[in-house]
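**Q**
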Amino acid sequence: MNKKLLFDLTSTQASPEAMFHGGAEYAKLVFHKAVELRYAEQMVCFYNGKWELDSDIKRKCGQYAIELISIDQKKDIDLLIKREDINGFYSAIPYHYHDLNMGDKKFIGTIHGLREIECPGDFYEYKYRKGIISVTKAIIRSLVIPKCVRVRRVKENISKIFAYKNLKIITVSQHSKYSILANFPEIKSEQIIVIDSPYEFQAKKANDKNSLEKGNSYFLLVSGNRWVKNSYRAIQALDELITEKRLIQHKVIITGCDGYKLLQKVKNRDSFLFLGYVSSKELRHLFQHASYFIYPTLNEGYGYPPLMAFEFGVPVLASGNTSIFEVCKNAAIYFDAHSISEIKTRILRLYSDSHLREKLILNGYEIIEALKEKGDRAEDIVNEIFKK
């Protein structure tokens, strides 16, 4: 009997919180690479029937005769795992699979990071909620369930995953590896395989556009609906600079939300444009024509967006935490993500210093070229997943 791997496609599906998120893009790249490398005959895939599945993934499953199963609840996964032809399970977002009946079968998971442990909440989290009920729930949650309790629950669930008998952990950064080791002493260093997140290059060449030469005039922020991306503090910093007339004729574009609550205390509303969800093509266009990219994230396992900025010659300001140093290296100016004052300071410095901007842009191009020289990381991930 030809043994097969049960492949989790729910991780490729848009979440209720975000239409676009790095974990889903990672999962899609891994799936497409697995098909390209002719592992289709060794795959059985499942997805959540209540959510939309990427049309290209559906098409490939049909084209390559990959068994594709719609599930409604977790117990359906246990039934699939029990099948005699299934010898393992893979998920690119495995955090909720702590109660599967794996037995001796392989459990392979990509742990991108430990955000719910490292950063379980934020003071401004309520700013990203829609509606009075959602805001009230967020406030009650923060008051009634202490962070330490939430962290303990998450740790308990991840510990159950790490207790699976036949376990393989893949992670995307050295930060994530050592965060796992720091929080779960039962895990040994050799059990964790670090392979950088695969990245689909967007520009035709490394210096496809130099924003300084184009003379564009907007700051770009992404994923504005997610509190962990921390756009609120950056918006406050930018608004103060505009009020003080330190930023002349510059707009601010934020993707991923309507911005209603984020704008409540903003004085210069005409300077801010909220675009909601944008397609990959539209996002690429926004990066290509931006003057600056601000990435004030509170927590990352890896961090894709700065790479797109590097490709298109856009200088980057980023928070100095978690994996961001590994990704951005010397191609970003860093700030304390919790300090509006420091974000403001760094923006003003980059805005005022053309030599610094040029240096960051050139360093960003070097990072992109180095990534290209590393080769296809998606291939490395897939071969590790299907290794006998």
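For the sequence shown, position 185 matches number 185 in the UniProt record's numbering, and the numbering has no gaps at all. Idealized CB from N, CA, C, for every residue including glycine.
Going by beta carbon distance, what residues of the same chain come within less than 8 angstroms of Ile187, once the five residues before and after it are set aside?
**A** For this step, residue 187 is matched to residue 187 along the sequence shown. For Ile187, where only same-chain residues beyond five positions count, the Cβ hits under 8 angstroms are Phe162, Ile169, Ile180, Leu181.
**Q** Using 8 angstroms as the Cβ pair cut-off and three pairs as the minimum, do the region 146 to 153 and the region 59 to 77 touch?
**A** no
**Q** Go ahead and pull the three-state DSSP assignment for Cys119.
**A** Reading the sequence shown from its first residue, position 119 is the one you call residue 119. DSSP places Cys119 in coil when its eight states are reduced to three.
**Q** Do Lys127 and Leu262 come within 8 angstroms of each other at the CB atom, strictly closer than that value?
**A** Counted from its first residue, the sequence shown places residue 262 at position 262. Counted from its first residue, the sequence shown places residue 127 at position 127. Cβ atoms of Leu262 and Lys127: closer than 8 angstroms.
**Q** Does the pairing of the region 334 to 345 with the region 288 to 307 give three or more beta-carbon distances under 8 angstroms?
**A** yes
**Q** Can you confirm whether the region 224 to 231 touches the region 250 to 258 when touching is taken to mean that 3 or more C-beta pairs between the two stretches lie within less than 8 angstroms?
**A** Result yes; three or more Cβ-Cβ pairs closer than 8 angstroms.
**Q** Give the secondary structure of Asp8 by DSSP, where H, G and I count as helix, E and B as strand, and everything else as coil.
**A** Taking the first residue of the sequence shown as position 1, residue 8 is located at position 8. Reduced to three states, the DSSP call for Asp8 is strand.
**Q** Could you work out which residue in Lys229, Ile86, Gln42 is closest to Asp104 when comparing CA atoms only?
**A** Within the sequence shown, residue 104 is the residue found at index 104, counting from 1. For Asp104, the nearest C-alpha among the options comes from Ile86.
**Q** Runs of 4 residues minimum, wholly inside the UniProt domain "Glycosyl transferase family 1" (207 to 366): which ones carry the alpha helix (DSSP H) assignment?
**A** 211 to 214, 231 to 243, 280 to 288, 305 to 311, 324 to 328, 340 to 352
**Q** Which two residues bound the contiguous beta strand (DSSP E) that contains Leu68?
**A** The residue you call residue 68 lines up with position 68 of the sequence shown. Where Leu68 is concerned, the enclosing beta strand (DSSP E) stretches over 67 to 71.
**Q** DSSP state of Leu37, grouped into three classes?
**A** On the sequence shown, residue 37 is found 37 positions in, with the first residue counted as 1. The answer is coil: DSSP assigns Leu37 none of H, G, I, E or B.
**Q** Let me know the secondary structure DSSP gives Lys374 once reduced to three states.
**A** As a working mapping, residue 374 is identified with position 374 in the sequence shown. Helix at Lys374.
**Q** Please list, in chain order, all residues of the same chain as Ala27 whose beta carbon is under 6 angstroms from its beta carbon, the five residues on each side excluded.
**A** Walking along the sequence shown from the start, residue 27 turns up at place 27. Hits under 6 angstroms: Ser11, Thr12, Ala92.
**Q** What are the start and end residues of the beta strand (DSSP E) that includes Asn48?
**A** Here residue 48 refers to the residue found at position 48 when the sequence shown is read from its first residue. Counting along the chain, the beta strand (DSSP E) containing Asn48 begins and ends at 43 to 48.
**Q** For Leu360 versus Ala332, is the C-beta distance shorter than 8 angstroms?
**A** Counted from its first residue, the sequence shown places residue 360 at position 360. Counted from its first residue, the sequence shown places residue 332 at position 332. Going by C-beta atoms, Leu360 is nearer than 8 angstroms to Ala332.
**Q** If you drop the 5 nearest sequence neighbours on each side, which residues of the same chain put their C-beta closer than 8 angstroms to that of Ala370?
**A** Counted from its first residue, the sequence shown places residue 370 at position 370. Correct list: empty, nothing qualifies.
**Q** Starting from the N-terminal side, write out each stretch of the alpha helix (DSSP H) that is 4 residues or longer and does not extend beyond the region 73 to 131.
**A** The region 73 to 131 contains these whole alpha helix (DSSP H) runs: 74 to 81, 115 to 118.
**Q** I need the straight-line Cα distance from Leu317 to Ser291, nearest angstrom please.
**A** As a first step, residue 317 is located in the sequence shown; it is residue number 317 there, counting from the start. As a first step, residue 291 is located in the sequence shown; it is residue number 291 there, counting from the start. Looking at the two C-alpha atoms, the distance is approximately 11 angstroms.
**Q** Can you list, in chain order, the residues of its chain with a C-beta nearer than 8 angstroms to that of Lys214? Leave out the 5 residues immediately preceding and following it.
**A** For the purposes of this step, residue 214 is taken as residue 214 along the sequence shown, with counting starting at 1. Bear in mind that the predicted position of Lys214 carries a pLDDT of just 46, short of 50, making it too unreliable to give a figure here.
**Q** Compute the Euclidean distance between the alpha carbons of Ile176 and Cys328, then round it to the nearest angstrom.
**A** The residue you call residue 176 lines up with position 176 of the sequence shown. The residue you call residue 328 lines up with position 328 of the sequence shown. The question names Ile, but residue 176 is Ser in the sequence shown. Each residue's alpha carbon lies about 16 angstroms from the other.
**Q** Going by CA-CA distance only, name the one from Leu362, Pro306, Tyr232 that's closest to Gly320.
**A** Looking up residue 320 in the sequence shown gives position 320. Minimum Cα distance to Gly320 is reached at Pro306.
**Q** Pull up the CB-CB distance for Ile57 and Leu9, whole angstroms please, since I reckon it's below 8 angstroms.
**A** Within the sequence shown, numbered from 1, the residue matching residue 57 stands at position 57. Within the sequence shown, numbered from 1, the residue matching residue 9 stands at position 9. With 8 angstroms as the limit, Ile57 and Leu9 qualify as a contact, their Cβ atoms being about 6 angstroms apart.
**Q** Using only CA atoms, which one of Tyr95, Ser189, Val228 lies nearest to Asp122?
**A** Position 122 of the sequence shown holds residue 122. It is Val228 whose Cα lies nearest to the Cα of Asp122.
**Q** Just to confirm, are Ile381 and Ile108 a CB contact at a threshold of 8 angstroms?
**A** One-based indexing of the sequence shown puts residue 381 at position 381. One-based indexing of the sequence shown puts residue 108 at position 108. Going by C-beta atoms, Ile381 is not nearer than 8 angstroms to Ile108.
**Q** Within this structure, are the beta carbons of Lys106 and Gly88 separated by less than 8 angstroms?
**A** Locating residue 106 in the sequence shown gives position 106, where the first residue counts as 1. Locating residue 88 in the sequence shown gives position 88, where the first residue counts as 1. For Lys106 and Gly88, yes; Cβs fall inside 8 angstroms.
**Q** Taking the alpha-carbon of Gly301 as reference, which of Gly313, Glu326, Ser352 has the nearest alpha-carbon?
**A** Taking the sequence shown and counting its residues from 1, the one referred to as residue 301 is at position 301. If we check each option's Cα against that of Gly301, Glu326 comes out closest.
**Q** Tell me, which residues are paired with Asn183 by DSSP?
**A** For the purposes of this step, residue 183 is taken as the residue at position 183 of the sequence shown. Asn183 pairs with nothing; no bridge assigned.
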